[in-house]
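Asker: Structure incoming, see below.
Chains as they are written, first to last, in the numbering used here: chain A, 1 to 346; chain B, 1001 to 1379.
Given below as structure tokens:
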């Protein structure tokens, strides 16, 4: 392996210099060779090559993990796809291990609904929090605040679930009741008499929103911090208010990055498991009315059924996991691409 | 709207000069003018808006017979926002009004996030502390009936230590070497690896558990035979979760090592591997340690992957290589589903131990990174 350091073609140089080069070559013919830049070949020592090999093999572990996830989950899912059919697996809402018929349509709908509710909570809050840390908060509390956001990210899903189920649900049911009373004209908020409002996708979605808040915040902060400072200061110097500056400089600049942040949060929300499992009562049927009891997510299905699963049902759960893997992978890659594009574009 | 009464009381108060700055600086005065965003008028307006918001909420809740405090708070927020906007608009126009409104909203979203975190930690502490005892750390649950007193999380603490320990052992060297590959070696495959690490960081943790289940736990492997549920399987699943996190943050840490150090070392004739191991990595050491500790903090509370790989158990299993093992999240998880108060109490205490563990790891990371900064190393 070698690196060519400088490739200056002699003919492209300034004419005057060409003459002088010709003259020097007349005077000292040995310089002739010097005009063609020397290709600097770097022969790495054996130790270096071994070191590079080791570091590459470490990097290859990640490749291996992603590759084997795709391969082995597909292999493991074959049986379940075989007994219930690939198409039916996506369009049916059944989970019958003795008949071997599996369909994740219902929980797929639940997964998406919960994640969307989560986004409704996390995006405004996360943007506010990102602006707060970047622009509004006094310098002294910015570092502790960043620490608090990191801590929120490290809080176990389990603790979110327990808090959500035992504490938060008590209060948020009132909000759900308000929605049910006043917004029932909208189909997804419809509640029929006597239906429970606890253990619903709505409540789980809000808790999931709190869980994805840190990632939305940190990515949004990252992209907003890239906004050119001179333009921000210019906006303020022209007499703009702070909000005017944010709206006219930071938001247009960070728009695509914010979309990416929201998508990253969405990807996380799709994969949340334990908090949803604690809060929501699992239903295999799609429940579009998010305020009412019963919903579900793919991850919840796996965590709930796994301990009791036998034989073929394991394969069904692996198939569900494969679906989750593919969906989150696609969402994440799109999100990462948007974020890194918005970073490098400016 | 009832709010319209308030602005009329507020207008006389708006007579003091607009409060963007407190005092005009005298010409030739060398002391810098203090730039303040919130003046006395703003504070007054906020106080009035707060009063009207709270009274709106109180009146509404009396009229509508609400008892839920969260609804009350939300209505107070709505009332506050609307009345603040109207108040400021009357004084300074709608542009400033929107600015003030957004300032309040942004501040409250900051307060909200901290509030949620604090609420959660305080609640877990309040629920968990009554169950704390020496026995909680020294006994396991193998001989404890559901209604009996006693018992503890010893088996889970052993499991947590072994599983996260092994996961750290797997993922920290691999993660740091991957970061070196990405940032120092920067080989041909670096973009691909970076892409894959990004992709991996988004994998739901339960999928990591399923992966280890399908490749390690369930199949009849050649040579070593069928493994079944075990602590080491759990640590592999945790590795899958932890590896991208460690890699990404280690890469960040390596990136801030000044290039001049590398060049100096290479110019002195040191080979690449020596430069990396003796100059770059030691410079970034405290950052790398911080990254690893935060990685542990991330996975110590993971339940889903462990459920699928270690399965959980109520007795102490010291051998991470065979047989089901519990750990703290699984301990909490299994007790949570049981319908009696004693078990739920244990679950809360377990959650408290878990949260304290995360807090301790965070503090540790902060201490390490601060010390690194003081010693003149990287962050």
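We put the beta carbon where it would ideally sit given N, CA and C, even for glycine.
Could you work out which residue in A:167, A:211, A:260 and A:275 is closest to residue 304 of chain A when comparing CA atoms only?
Answerer: The count along the first chain starts at 1 and reaches residue 304 of chain A at position 304. Checking every option, the nearest Cα to that of residue 304 of chain A belongs to A:275.
Asker: With H, G and I counted as helix, E and B as strand and the rest as coil, what does DSSP make of residue 238 of chain A?
Answerer: For the purposes of this step, residue 238 of chain A is identified with residue 238 of the first chain, where counting begins at 1. DSSP places residue 238 of chain A in coil when its eight states are reduced to three.
Asker: For residue 1309 of chain B, collect the residues of the same chain with a Cβ closer than 8 Å to its Cβ; drop the 5 residues on either side in sequence, then sort them by chain order.
Answerer: Here the question's residue 1309 of chain B lines up with position 309 in the second chain. Here the set comprises 1209, 1212, 1213, 1216, 1217, 1229, 1230, 1233, 1234, 1236 and 1237.
Asker: In the DSSP assignment, find the unbroken alpha helix (DSSP H) run with residue 1317 of chain B in it and report its ends.
Answerer: Taking the second chain and counting its residues from 1, one reaches residue 1317 of chain B at position 317. Looking at the DSSP string, residue 1317 of chain B is not in any alpha helix (DSSP H), and its letter there is neither H nor E.
Asker: I want to verify the contact list: residues of chain A whose CB lies under 7 Å from the CB of residue 1112 of chain B, in sequence order.
Answerer: Stepping through the second chain from its first residue, residue 1112 of chain B is reached at position 112. Near residue 1112 of chain B (Cβ distances below 7 Å), the residues of chain A are 125.
Asker: Decide if residue 1127 of chain B is buried, meaning its Cβ has at least 16 other Cβ atoms within 10 Å, or exposed.
Answerer: Taking the first residue of the second chain as position 1, residue 1127 of chain B is located at position 127. With 16 or more Cβ atoms within 10 Å of its Cβ, residue 1127 of chain B is classed as buried.
Asker: Looking at C-alpha atoms only, which residue of A:223, A:293 and A:217 is the closest neighbour of residue 188 of chain A?
Answerer: Residue mapping note: residue 188 of chain A aligns to position 188 of the first chain, counting from 1. Comparing Cα-Cα distances from residue 188 of chain A to each of A:223, A:293 and A:217, the minimum goes to A:293.
Asker: Less than 8 Å between C-beta atoms, sequence neighbours within five positions excluded: which residues of the same chain meet that for residue 259 of chain A?
Answerer: Along the first chain, read from residue 1 onward, the residue named residue 259 of chain A stands at position 259. Correct list, in chain order: 338.
Asker: Anything in chain A within Cβ reach of residue 1185 of chain B, meaning under 9 Å, just list it in chain order.
Answerer: Within the second chain, the letter at position 185 stands for residue 1185 of chain B. Neighbours of residue 1185 of chain B on chain A, chain order: 51, 52, 55, 56 and 59.
Asker: Strictly under 7 Å for the Cβ-Cβ distance: is residue 330 of chain A near chain B by that measure?
Answerer: Position 330 of the first chain holds residue 330 of chain A. For residue 330 of chain A, the answer is no, since every Cβ of chain B falls outside 7 Å of its Cβ.
Asker: Would you kindly work out how many angstroms separate the C-alpha atoms of residue 78 of chain A and residue 1225 of chain B, rounded to a whole number?
Answerer: As a working note, residue 78 of chain A is residue 78 in the first chain. As a working note, residue 1225 of chain B is residue 225 in the second chain. Rounded to the nearest angstrom, the two C-alpha atoms are 23 Å apart.
Asker: Report the rounded CA-to-CA distance for residue 236 of chain A versus residue 282 of chain A, giving the unit in angstroms.
Answerer: Residue 236 of chain A sits at position 236 when you count from the first residue of the first chain. Residue 282 of chain A sits at position 282 when you count from the first residue of the first chain. Roughly 52 Å between the two C-alpha positions.
Asker: Under 7 Å between beta-carbons, which chain B residues line up against residue 325 of chain A? List them in chain order, please.
Answerer: The count along the first chain starts at 1 and reaches residue 325 of chain A at position 325. What residue 325 of chain A touches in chain B: 1203 and 1207.
Asker: Quick check on DSSP: helix, strand or coil for residue 13 of chain A?
Answerer: Walking along the first chain from the start, residue 13 of chain A turns up at place 13. Caution is warranted here: a pLDDT of 41 is assigned to residue 13 of chain A, below 50, making its placement in the model unreliable, and the coordinate value is therefore given only provisionally. In the structure shown, residue 13 of chain A sits in coil (DSSP, three-state: anything other than H, G, I, E or B).
Asker: Could you check what DSSP says for residue 1220 of chain B in three-state terms: helix, strand or coil?
Answerer: One-based indexing of the second chain puts residue 1220 of chain B at position 220. The answer is strand: DSSP assigns residue 1220 of chain B an E or B state.
Asker: Quick one: does residue 131 of chain A have its CB under 7 Å from some CB of chain B?
Answerer: To locate residue 131 of chain A, count along the first chain from 1; it is residue 131. Yes - at least one Cβ of chain B is within 7 Å of the one on residue 131 of chain A.
Asker: Using three-state DSSP, classify residue 1143 of chain B as helix, strand or coil.
Answerer: Mapped onto the second chain, residue 1143 of chain B falls at position 143. In the structure shown, residue 1143 of chain B sits in coil (DSSP, three-state: anything other than H, G, I, E or B).
Asker: Applying a beta-carbon distance threshold of less than 8 Å, which residues of chain B neighbour residue 273 of chain A?
Answerer: Position 273 of the first chain, counting from 1, holds the residue named residue 273 of chain A. Residues of chain B passing the Cβ test: 1204, 1205, 1206, 1303 and 1304.
Asker: Measure the alpha-carbon distance for residue 1302 of chain B versus residue 1329 of chain B and round it to whole angstroms.
Answerer: By one-based count along the second chain, residue 1302 of chain B stands at place 302. By one-based count along the second chain, residue 1329 of chain B stands at place 329. Between residue 1302 of chain B and residue 1329 of chain B, the C-alpha separation is close to 7 Å.
Asker: Going by C-alpha to C-alpha distance, which of A:157, A:253 and A:221 sits closest to residue 1206 of chain B?
Answerer: On the second chain, position 206 is the one that residue 1206 of chain B refers to. Taking only the C-alpha atoms, the option nearest residue 1206 of chain B is A:157.
Asker: Using only alpha-carbon positions, find the residue among B:1099, B:1049 and B:1056 that is nearest to residue 241 of chain A.
Answerer: As a first step, residue 241 of chain A must be located in the first chain, where it is residue number 241. Nearest of B:1099, B:1049 and B:1056 to residue 241 of chain A, Cα basis: B:1099.
Asker: Is the region 1132-1142 of chain B in contact with the region 150-166 of chain A, if contact means three or more CB pairs nearer than 8 Å?
Answerer: Too few Cβ pairs lie closer than 8 Å, so no.
Asker: Pick from A:53, A:333, A:321 and A:38: whose alpha carbon is nearest that of residue 1186 of chain B?
Answerer: Taking the first residue of the second chain as 1, we reach residue 1186 of chain B at position 186. Closest option to residue 1186 of chain B, Cα to Cα, is A:53.
Asker: Could you tell me whether the region 1105-1125 of chain B touches the region 1283-1291 of chain B, using the rule of 3 or more Cβ pairs below 8 Å?
Answerer: Not touching, per the Cβ criterion.
Asker: Just how far apart, CA to CA, sit residue 1242 of chain B and residue 335 of chain A?
Answerer: As a first step, residue 1242 of chain B must be located in the second chain, where it is residue number 242. As a first step, residue 335 of chain A must be located in the first chain, where it is residue number 335. Roughly 20 Å separates the two Cα atoms.
Asker: So with CB distances below 9 Å, who are the chain A contacts of residue 1271 of chain B?
Answerer: Along the second chain, one-based indexing puts residue 1271 of chain B at 271. In chain order: 44, 45, 47, 48 and 51.
Asker: Specify the secondary structure class of residue 101 of chain A as computed by DSSP and reduced to three states.
Answerer: Against the first chain, residue 101 of chain A aligns to sequence position 101. Looking at residue 101 of chain A - three-state DSSP - the assignment turns out to be strand.
Asker: Quick check on residue 89 of chain A: buried or exposed, where buried means 16 or more other Cβ atoms within 10 Å of its Cβ?
Answerer: Taking the first residue of the first chain as position 1, residue 89 of chain A is located at position 89. That one is buried.
Asker: Which term fits residue 38 of chain A, buried or exposed, when burial requires 16 or more other beta carbons within 10 angstroms of its beta carbon?
Answerer: Position 38 of the first chain, counting from 1, holds the residue named residue 38 of chain A. So residue 38 of chain A ends up on the exposed side.
Asker: Give the single residue among B:1252, B:1352, B:1260 and B:1162 whose Cα lies nearest to the Cα of residue 1321 of chain B.
Answerer: Here residue 1321 of chain B corresponds to residue number 321 of the second chain, with the count starting at 1. Looking at the Cα atoms, B:1162 is the closest of the given residues.
Asker: State the start and end residues of the unbroken alpha helix (DSSP H) segment that holds residue 73 of chain A.
Answerer: Mapped onto the first chain, residue 73 of chain A falls at position 73. It spans 46-84 - the alpha helix (DSSP H) in which residue 73 of chain A sits, taken as one unbroken run.
Asker: Any beta-carbon of chain A closer than 7 Å to the one on residue 975 of chain B?
Answerer: The requested residue 975 of chain B is not part of the displayed model; chain B covers only 1001 to 1379.
Asker: Should the region 1081-1096 of chain B be called in touch with the region 1040-1049 of chain B, which here means at least 3 C-beta pairs below 8 Å?
Answerer: Yes, the region 1081-1096 of chain B is in contact with the region 1040-1049 of chain B.
Asker: Closest Cβ-Cβ distance between residue 369 of chain A and chain B: below 7 Å?
Answerer: What is shown of chain A runs 1 to 346, which leaves residue 369 of chain A out entirely.
Asker: Listing by chain order, which chain B residues have their CB less than 8 Å from the CB of residue 356 of chain A?
Answerer: The first residue shown for chain A is 1 and the last is 346, placing residue 356 of chain A beyond what the model contains.
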